[in-house]
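A.B. asks:
Residue numbers (our numbering): 15 to 176.
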């Protein structure tokens, strides 16, 4: 599982295969969670915001902790971009030791199933348009996450309008 390549996007643009309107090529699987008011919400309700989902067996998993460490490196920029972070634990829950506010999904195994993760760690990056921009089973550096967020269709479209 690899992140969508900037070269691939550039190739699509040069080939004329990309239209001026936003197109969701890989729609992110939808899931639900309970918000701080006790209301059930789903991923589609976050349309217009970038989302990161960390899937791991538990918050003690070393890859989960390493990815949280990467997110903390650029948290100010992620917060400014209104990034929403989710944690989906497949084996056991627990406390996430981080200054990043995470929404913990109640049914982590279902989220892992929806994203075709059968074991271990995974990171999903979903663009504001609802497109699954990256799905990786390895820790992704903070700068790479920022690059993926900056390369999504909606950001590029808005930049062309200025």
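Backbone N, C-alpha and C define an ideal beta-carbon position, used for all residues, glycine too.
Who are residue 117's beta bridge partners in DSSP?
C.D. replies: The partner list for residue 117 (beta bridge, DSSP) reads 100.
A.B. asks: How long is the line joining the alpha carbons of residue 144 and residue 137, rounded to whole angstroms?
C.D. replies: So the alpha carbons of these two residues sit roughly 15 Å apart.
A.B. asks: With a 10 Å radius around its C-beta and 16 neighbouring C-beta atoms as the bar for buried, classify residue 157 as buried or exposed.
C.D. replies: Counting Cβ neighbours within 10 Å, residue 157 comes out exposed, since fewer than 16 surround it.
A.B. asks: Where do the N-terminal and C-terminal ends of the beta strand (DSSP E) with residue 55 fall, by residue?
C.D. replies: Note, residue 55: beta strand (DSSP E), 54-56.
A.B. asks: Under DSSP, the alpha helix (DSSP H) around residue 126 begins and ends at which residues?
C.D. replies: Looking at the DSSP string, the run of the alpha helix (DSSP H) that includes residue 126 is 122-128.
A.B. asks: Ends of the beta strand (DSSP E) at residue 66?
C.D. replies: 65-70 is the extent of the beta strand (DSSP E) around residue 66.
A.B. asks: Given a cut-off of 8 Å, decide if residue 163 and residue 88 are closer than it, judged by their beta-carbon atoms.
C.D. replies: The answer is no: Cβ separation not under 8 Å.
A.B. asks: Return the bridge partner residues of residue 51 from the DSSP annotation.
C.D. replies: Paired residues: none, contrary to the question.
A.B. asks: If you reduce the DSSP assignment to three classes, tell me which class residue 165 lands in.
C.D. replies: Three-state result, residue 165: coil.
A.B. asks: Please classify residue 38: is it buried, with 16 or more other beta-carbons within 10 angstroms of its beta-carbon, or exposed?
C.D. replies: Exposed, because fewer than 16 other Cβ atoms sit within 10 Å of the Cβ of residue 38.
A.B. asks: Run through DSSP, which three-state label would residue 59 get?
C.D. replies: Residue 59 falls in the helix class under three-state DSSP.
A.B. asks: Which residue wins for smallest C-alpha separation from residue 120, given the options 62, 106, 78?
C.D. replies: For the residues 62, 106, 78, the minimum Cα distance to residue 120 belongs to 106.
A.B. asks: My output table needs one value for residue 159: the three-state DSSP class, helix, strand or coil.
C.D. replies: DSSP places residue 159 in helix when its eight states are reduced to three.
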